Amino acid sequence: MAFAGCMRDLKYATVDKLSKFNSMRGRQVDACEFWDVVVVTAMDERQKDVYEDEIRRKLGGTLPLGIPYKVFSDPPGYKIGNGGSTLHALQQLSDIYGKALCKMRVLLIHAGGLSQRLPAASAFGKVFTTMPLGDPLYEMLELKLAMYVDFPSHMKPGVLVTCADDIELYSIPDDSRLAFDKPGFTALAHPSPLSVGTTHGVFVLEPREDSAFQKMENRSCLRFLHKPSIEKMRGSGAVCKRKSDYFPICDMEFVYTDSTYYMDFDTSQRLLNVFKEVGPLQCEIDAYGDFLQALGPQATIEYTCNTANVTNQDSSLVEVRQKIFHLLQGTQLNVILLNNSKFYHIGTTSEYLSHLTEVDGLKSMLCLESWAFSEHPGKNLDKASCVIFSILHPSCSVGAGSVVERSRLEEGASVGRGTLVSRCWVSPDFSVPDGVFMQTLCVSLEDRSGFVTIAFGVNDNLKCTVGAAASMEGLSLCGVTLDTCVSRWGLGGQVLRFSGDMSRCSLWNACLFPVCADEQRSFSVSLKMLQAVLGGSAFELQETKLISLQEALLFQNVLEMHNIWKKLNDDILQIKCQFITSTP
């Protein structure tokens, strides 16, 4: 019963935050009740343009009004990581606001990236991932703002740093407040199983006398561990023992893991001085591993030489890390223990599907809908599925664990189990297999618009690379080697083209997908290619231009995609209106 009470309080607190944020959507907000500026980072100018278009669209009624929403892109060239993005954003904020910045409360959302583990978000970014919640529908940006809706009123000038693909739910006592008002860094901490700690940051807390359970505690941190082994957690004193049944996890042993953190204005300016000193970054800096590991009285410099978690290494990495360490050494790391909290990550296709369809979890906590702003008068939907912003014929069926979003499914069409169908037009009687991802994008090539439907297995690794196109057996699509796939499509005698860097061949830049004149034809061809792969049959690809997901994003026609969604929106509203007028 104690665990059930814990979950009940967490849900009530979450519903209260959503209600408060809903009252702000589409209206002017007072300076004291919301952020002074919201910043979203992008990885390049192309992504920045897309993000700015999305935010302009949202200012029509889905976001609070009266504050600036800024999009800052990383500088061209080297991959600088979210730590580099933080520093670059601080520089641009300083350039825009000057001395006024010392009085501002900034929310900084890291949203730049390719989203290779959640390719459904690659076109528009994880921060604009649609969620089955609210009217108008939420996207991850609104959800982040809703979960942090109480923060600005109890925050001194500074920067709150967060990521676009996670959600933190928490409950605190009615007579308490979650405040960001101490110098240095203040981080949120969540009780998590030890296995979760190996892929997150873990706090080593200052020892204290045992006391009664509290929903929220303010503690000092001795040291921050970045993705530590279980042995290191134990050896560092990070492992805690559960002393109360009123707890969001069942494990007797747990650690406190990271999510969002705040830095006061003075600390942000000290970091900015490092950025100015080192000049344009040519290495990958992490906003958690490289900033937080420097904090606390037991922090040591050894981590600066550990490059195990770095995607692209550079000779300047260790030097820059050491400069950050020496600058931040001695800075206090305050930790707010949110003992009744849950941390959810939505960074992969599997996570997206499970969180939107599994009843016991985020879906229950957020009151996510199984049928959100969609039309389908039939009864063939599995209760453990989710349909968002779509029109389905009454005869359609959607299997358990599947999500259909921004799509049209015509008579007799079906979607298997554990599948994601995004922005597609599915023709009559088509059957989408289990465990696949399909998404249709509009592209402009040689001044002509066309459509390309991306198709992968849900668990395909788009980041896996081989050294050359001749090594296709090292890549697999839906569990079938890529050279076998090519053979089944009748392309065995041709050399498969890879876009971009030919020394790094992957599913991401493999030119597999035909460009077609219309949405339905595009989906049909890609579906038949998938069925050939999964069924071991042959499908002869007619002579057509094949492009990669990488190229589809480069050539995507955002304006036309919005026109398609507007038509879908109008059709949904028309069906709803017809239903209302025909109901006795």
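In our numbering, the protein residues as written are 1 to 584.
Backbone N, C-alpha and C define an ideal beta-carbon position, used for all residues, glycine too.
None of these values were measured; they are calculated from a predicted model.
Taking the beta carbon of residue i as the centre, do at least 16 other beta carbons fall within 10 Å, making it buried, or is it exposed?
i           : result
residue 96  : exposed
residue 561 : buried
residue 394 : exposed
residue 205 : buried
residue 438 : buried
residue 284 : buried
residue 69  : buried
residue 12  : exposed
residue 608 : The question about residue 608 has no answer here: the residues shown for the chain are numbered 1 through 584.
residue 359 : exposed
residue 526 : buried
residue 320 : buried
residue 550 : buried
residue 152 : buried
residue 408 : buried
residue 576 : exposed
residue 571 : exposed
residue 250 : exposed
residue 294 : buried
residue 4   : exposed
For my contact list, residue i and residue j are in at a C-beta cut-off of 8 Å; report their separation, rounded to the angstrom.
i           : j           : result
residue 186 : residue 261 : 7 Å
residue 385 : residue 370 : 7 Å
residue 175 : residue 259 : Actually they do not touch by this definition, with Cβ atoms about 24 Å apart.
residue 169 : residue 10  : 6 Å
residue 137 : residue 301 : In fact, because the Cβ distance is near 47 Å, the residues do not count as touching under 8 Å.
residue 248 : residue 173 : Between residue 173 and residue 248 the Cβ distance is about 15 Å, and since that is not below 8 Å, they are no contact.
residue 257 : residue 345 : Not confirmed; about 11 Å, so no contact.
residue 25  : residue 64  : 6 Å
residue 406 : residue 423 : 5 Å
residue 444 : residue 555 : 6 Å
residue 171 : residue 340 : 4 Å
residue 252 : residue 242 : 5 Å
residue 141 : residue 128 : 6 Å
Have a look at the DSSP bridge pairing and note the partners of residue i.
i           : result
residue 437 : 420 and 456
residue 571 : According to DSSP, which records beta bridges pairwise, residue 571 is partnered with nothing at all.
residue 191 : 256
residue 226 : 201
residue 516 : 451
residue 336 : 188 and 218
residue 158 : 105 and 264
residue 167 : 344
residue 69  : 38
residue 388 : 372 and 405
residue 120 : BP columns for residue 120 are empty, so no partner.
residue 28  : 65
residue 481 : 476
residue 381 : 398
residue 556 : 443
residue 3   : DSSP lists no partner for residue 3.
Are the beta-carbon atoms belonging to residue i and residue j less than 9 Å from one another?
i           : j           : result
residue 453 : residue 434 : no
residue 107 : residue 41  : no
residue 202 : residue 225 : yes
residue 552 : residue 513 : yes
residue 93  : residue 29  : no
residue 110 : residue 275 : no
residue 413 : residue 529 : no
residue 372 : residue 132 : yes
residue 304 : residue 291 : no
residue 139 : residue 227 : no
residue 281 : residue 84  : yes
residue 382 : residue 364 : no
residue 238 : residue 338 : no
residue 366 : residue 143 : yes
residue 544 : residue 516 : yes
residue 112 : residue 74  : yes
residue 410 : residue 426 : yes
residue 71  : residue 52  : yes
residue 481 : residue 117 : no
residue 194 : residue 278 : no
**OP:** Report yes or no: do three or more beta-carbon pairs, one from the segment 531–539 and one from the segment 489–508, lie closer than 8 Å?
**Re:** yes
Original post:
Is it true that the segment 113–122 meets the segment 73–81, where meeting means three or more beta-carbon pairs spaced less than 8 Å apart?
Top reply: no
**OP:** Pair every Cβ in the segment 137–148 with every Cβ in the segment 18–28, then say whether three or more of these pairs are closer than 8 Å.
**Re:** yes
Original post:
Can you find at least 3 beta carbon pairs, one from the segment 210–226 and one from the segment 324–336, that sit closer than 8 Å?
Top reply: Yes, since at least three Cβ pairs between the segment 210–226 and the segment 324–336 fall closer than 8 Å, the two stretches touch.
**OP:** Determine contact between the segment 150–164 and the segment 98–113, defined as no fewer than three beta-carbon pairs at a distance below 8 Å.
**Re:** yes
Original post:
Pairing CB atoms from the segment 461–477 with CB atoms from the segment 506–516, are three or more of them under 8 Å?
Top reply: yes
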